[in-house]
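Just below is one structure, and these are the notes that go with it.
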Amino acid sequence: MSTSVDMGKVGAPPNIQCKEHAALSHLLIHPLCAHQERIKKIIALVASALTLFIPCICNFIYVEVSKKRMLFLVACVKSTEGFAPINEEALRFVRQALQDHPTIGSTYIGGSRWFNKYQSTNPAIPKLITLEDLYYEKLEKTVREAGQVPNPWESEKVQKVADGLIKISYVISQLTLHDMPSFTKYLARWWRTQRTSCEALYEQDSYAYRTFFSVPCLYHQTIRSGYLYKANPREQPQYLYPGPSSVWDPHPDLTPEQIAIYNEYAAKFYKEGTLQSSWRSLYNDFCKAAATVRKDDKYGSHDTRFIKWTREDTEDASFRITPDTLPT
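Using my numbering, the first residue of the sequence shown is number 210, and each one after it goes up by one.
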């Protein structure tokens, strides 16, 4: 028995019920297939629309929730009563940077005791650590793009990125100090651990001893010494001034020309109105705040690194030695 096919129109689909047309995949791909019943077409169109729009709607909701969450985090970036106020210009920059990155993730702040980490009670700090990492990467890229010039830190692009980075690091370190009263209460309530603010800073089982050193490390190891990134990331970095063998002797590996370049760079940190002077002010501002927190505690005798890394930068000659080890 033969099946008749209507070929009245050239290119018209055959008037037959093909088994393929009943398959779900076929309905989704061809929702207006001429061989399907009207109800099936409607169902197929709805399914296709949902497949297309649900991911878009979910993404929209995620972005909007992230923005609202970020507004809450921005509100956490502030000075705390009872502490020296945080530099307002740095706070404004960091708040704006957070708003510019509404979906930025949080960084788990680890340390040597990986099995027992106490995290910050200020939810903005883990976000700022992620933002700090982004700026570190940006600084590395910008310095490399500046080329093999005597001092890439003379580049306006390098200075702009470094300015943003030190503001972020400064705020992280300051918020760490401001978080101590709340953090020690959190330790006592939830972990039955009694600590003073200074003890909470130097015990190496929490986030605090890491973030405390955010701006000191950046200032000593990167900005003040003129950190240089080699073309090959696997090679050890160089510095405009890697640190002398003593306070009085110049570094033996540097030529007179290199020392002259660094001296010119270092002088800007002590000249009012320069960007480098504003970096020194931020660093010194944190050092003063750290000294205030530790004034009633003898934690310097427990771990002198907290004192060595927060020594104010008052004049060039005495500041050319980078402190020794950091907590690990």
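From the three backbone atoms N, C-alpha and C, an ideal C-beta is built for every residue, glycine too.
Here's the rule: buried if 16 or more other CB atoms are within 10 angstroms of the residue's CB, otherwise exposed. What is residue 523?
Exposed.
Should residue 264 be labelled buried (16 or more other beta-carbon atoms within 10 Å of its own) or exposed?
Counting of Cβ neighbours within 10 angstroms places residue 264 among the exposed residues, the total staying below 16.
Does the beta carbon of residue 523 fall short of 8 Å from some heavy atom of the ligand COA?
Ligands displayed in this structure: none; no statement on the ligand COA is therefore possible.
Is it right to say residue 296 is buried, meaning 16 or more other beta carbons lie within 10 angstroms of its own, or is it exposed?
Buried.
Taking the continuous alpha helix (DSSP H) assigned at residue 353, which residues delimit it?
First-last of the alpha helix (DSSP H) with residue 353: 333-354.
Residue range of the unbroken alpha helix (DSSP H) whose run includes residue 301
It spans 297-309 - the alpha helix (DSSP H) in which residue 301 sits, taken as one unbroken run.
Taking all protein chains shown into account, decide if residue 160 is buried (16 or more other Cβ within 10 angstroms of its Cβ) or exposed.
The chain is shown from 210 up to 537; residue 160 falls before or after that span and cannot be answered.
Quick one: what does DSSP say residue 547 is sitting in, helix, strand or coil?
Any question about residue 547 goes unanswered here, given that the chain covers just 210 to 537.
Roughly how many angstroms lie between the CA atoms of residue 489 and residue 368, to the nearest whole one?
Approximately 14 Å, taken between the alpha carbons.
Among 305, 348, 327 and 362, the one whose alpha carbon lies nearest that of residue 399
The residue with the shortest Cα to Cα distance from residue 399 is 327.
Helix, strand or coil, according to DSSP, for residue 529 in the structure here?
It is coil, neither helix nor strand.
Based on the DSSP secondary-structure assignment, which residues constitute the bridge partners of residue 327?
415, per the DSSP bridge assignment.
Could you check the C-alpha separation between residue 407 and residue 464 for me, to the nearest Å?
Inter-residue distance for residue 407 and residue 464 is about 43 Å (C-alpha atoms, whole angstroms).
Identity of the residues DSSP links to residue 448 by a beta bridge:
Answer by DSSP bridge pairing, in chain order: 436.
Host alpha helix (DSSP H) of residue 369 (start-end)
Taken as a continuous stretch (DSSP letters only), the alpha helix (DSSP H) holding residue 369 covers 365-400.
Where do the ends of the alpha helix (DSSP H) carrying residue 185 lie?
What is shown of the chain runs 210 to 537, which leaves residue 185 out entirely.
From this set, 385, 469 and 255, which residue's C-alpha is nearest residue 330's C-alpha?
Cα-wise, what sits closest to residue 330 is 385.
If you reduce the DSSP assignment to three classes, tell me which class residue 463 lands in.
When secondary structure is reduced to three states using DSSP, residue 463 falls in the coil class, being assigned neither helix nor strand.
Starting from residue 493, follow the alpha helix (DSSP H) in both directions and report where the run begins and ends.
Its alpha helix (DSSP H) spans residues 484-502.
Residue 287 - DSSP class collapsed to helix/strand/coil
When secondary structure is reduced to three states using DSSP, residue 287 falls in the coil class, being assigned neither helix nor strand.
On the three-state DSSP scale, how would you describe residue 252?
DSSP places residue 252 within a helical segment (H, G or I) once states are collapsed to three.
Could you check how far apart the C-beta atoms of residue 381 and residue 338 are, in whole angstroms? I think they sit under 8 Å.
With a Cβ gap of about 7 Å, residue 381 and residue 338 count as contacting.
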